[in-house]
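As you go down the protein sequences, you meet chains A and B in turn.
Sequential numbering of the first sequence, starting at 80, is according to this note's numbering.
Sequential numbering of the second sequence, starting at 0, is according to this note's numbering.
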Amino acid sequence: MSLISALANVHHQGQFGDFEDKKGDDLLKISEKKNLLIVQIVQFKNSNIPIESIDIDGLKLKDTPLNVSFNDNTRILWNGPKNWLLVSSKKDLINDISSTCKEIDFAITDLSHSRAVIDIEGNYLIEVLKKGSPFNFDELKKNNSINSLYNNIAFTVDLLNDKPFKVRLFTLRSFGESLYHSITDASLEFGYENK
Amino acid sequence: MLHIKCPHCGMRSQNEFSYGGDATVKRPELGKEISDQDWDNFVYNRKSLRGKHWELWQHLSGCRQWIKVQRDTATHEIFKTLKANEEIS
Numbered sequence: 080m081s082l083i084s085a086l087a088n089v090h091h092q093g094q095f096g097d098f099e100d101k102k103g104d105d106l107l108k109i110s111e112k113k114n115l116l117i118v119q120i121v122q123f124k125n126s127n128i129p130i131e132s133i134d135i136d137g138l139k140l141k142d143t144p145l146n147v148s149f150n151d152n153t154r155i156l157w158n159g160p161k162n163w164l165l166v167s168s169k170k171d172l173i174n175d176i177s178s179t180c181k182e183i184d185f186a187i188t189d190l191s192h193s194r195a196v197i198d199i200e201g202n203y204l205i206e207v208l209k210k211g212s213p214f215n216f217d218e219l220k221k222n223n224s225i226n227s228l229y230n231n232i233a234f235t236v237d238l239l240n241d242k243p244f245k246v247r248l249f250t251l252r253s254f255g256e257s258l259y260h261s262i263t264d265a266s267l268e269f270g271y272e273n274k
Numbered sequence: 000m001l002h003i004k005c006p007h008c009g010m011r012s013q014n015e016f017s018y019g020g021d022a023t024v025k026r027p028e029l030g031k032e033i034s035d036q037d038w039d040n041f042v043y044n045r046k047s048l049r050g051k052h053w054e055l056w057q058h059l060s061g062c063r064q065w066i067k068v069q070r071d072t073a074t075h076e077i078f079k080t081l082k083a084n085e086e087i088s
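Structural data, given as structure tokens:
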């Protein structure tokens, strides 16, 4: 079975917009992230299991707003009270999650094929995000994540790095091309390179 | 632009929220005889108050939680926000 990525029809390699004479981090780099395991973990309201006892790939679930627990392969994003989004390059981690988080306490949903994932890196990244989102990105720190809107498209932002800025954006797969269009349109002013 | 302080996520734009009606309406108790008038009042009849008012909002594009917001319907000033399970004092 061949897999078609969410942005396969729109994401093409090359340099676009005002890219001339721009080097290094001054040029935005946009890429589609594929083959990630994306799992939504929700603890039921009537569950009494202390979340500190849950260990997934060496990471704890933390019910703290904006918090991201992370290691080299896996990031667990706080999505809401008792609600997390796990993103990992280890595809077989789903088995660990299913065995660690019992069905009676947690709802586990594999969203790997229902999200479009865009990685963006560069100095002007925050300016691009500010153009379409009402969130105050000056408040967002490294390894924080938020849910918000970009041109009225619901998306999740995970700030991977702040020197230079690097974010990972998640949106529903069906909204992926629209979000991609909005992001690249906003990036033209600064120039961007598709990888 | 109106900003609402979500008790879970912090200060966010109103664009991320969805209005959910009057937060002071109480559902008639289960197992009790309810008159048609009481049901009417619960389901349909609402006051359109001018001034401070408790409302339900959902942080639809954020943490997706329902919250209570005390807002002045004339000036749009927001005084207080609570989690859905917190009682209005």
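Don't be surprised by glycine CBs; every beta carbon is placed ideally from N, CA and C.
Predicted model, so just to flag it, every value in this text is computed and none were measured.
Check whether the Cβ atoms of residue 155 of chain A and residue 145 of chain A lie closer than 9 Å to each other.
-> No Cβ-Cβ contact shorter than 9 Å links residue 155 of chain A with residue 145 of chain A.
Within-9 Å CB hit, residue 7 of chain B to chain A | yes
Same chain, Cβ closer than 7 Å to residue 265 of chain A, neighbours up to 5 away in sequence not counted = 207, 210, 211
Could you tell me whether any Cβ in chain B is nearer than 9 Å to the Cβ of residue 214 of chain A?
-> yes
What span of residues does the beta strand (DSSP E) with residue 36 of chain B cover, start to end?
-> In the DSSP annotation of this structure, residue 36 of chain B is not part of any beta strand (DSSP E); the continuous alpha helix (DSSP H) holding it starts and ends at 35–42.
Residue 12 of chain B CB to nearest chain A CB: under 9 Å?
-> yes
State the beta-bridge partners of residue 9 of chain B as determined by DSSP.
-> Residue pairing by DSSP places residue 9 of chain B opposite B:5 in a beta bridge.
Could you tell me if the beta carbon of residue 211 of chain A falls within a distance shorter than 8 Å of some heavy atom in the ligand ADP?
-> In the structure on display, the ligand ADP does not appear, and there are no ligands present to speak of.
Using a beta-carbon distance cut-off of less than 7 Å, what residues from the stretch 58–69 of chain B approach chain A?
-> Those residues of the stretch 58–69 of chain B that come within reach of chain A (Cβ to Cβ, closer than 7 Å) are 60, 61, 62, 63, 64.
In the structure shown, what three-state DSSP assignment does residue 52 of chain B receive?
-> Taken through DSSP and simplified to helix, strand or coil, residue 52 of chain B comes out as strand.
In this structure, does DSSP put residue 255 of chain A in helix, strand or coil?
-> helix
Any beta-carbon of chain B closer than 9 Å to the one on residue 218 of chain A?
-> Residue 218 of chain A counts as touching chain B.
Beta-carbon proximity check, residue 195 of chain A vs residue 107 of chain A, cutoff 9 Å = no
Could you please give the first and the last residue of the uninterrupted alpha helix (DSSP H) stretch that includes residue 80 of chain B?
-> The continuous stretches of alpha helix (DSSP H) do not include residue 80 of chain B, which lies in the beta strand (DSSP E) extending over residues 77–82.
Would you mind reading off the limits of the alpha helix (DSSP H) that contains residue 177 of chain A?
-> Taken as a continuous stretch (DSSP letters only), the alpha helix (DSSP H) holding residue 177 of chain A covers 172–179.
Classification of residue 91 of chain A by the beta-carbon crowding that lies within 10 angstroms, buried from 16 upward | exposed
Since residue 86 of chain A is in the alpha helix (DSSP H), which residue starts that stretch and which ends it?
-> No alpha helix (DSSP H) contains residue 86 of chain A, which DSSP labels as neither H nor E.
Since residue 165 of chain A is in the beta strand (DSSP E), which residue starts that stretch and which ends it?
-> 162–167
Determine which residues of the stretch 222–234 of chain A have a Cβ less than 9 Å from any Cβ of chain B, and write them out in chain order.
-> 225, 226, 227, 228, 231, 233, 234
When the Cα atoms are used, what is the spatial distance from residue 73 of chain B to residue 237 of chain A?
-> 38 Å
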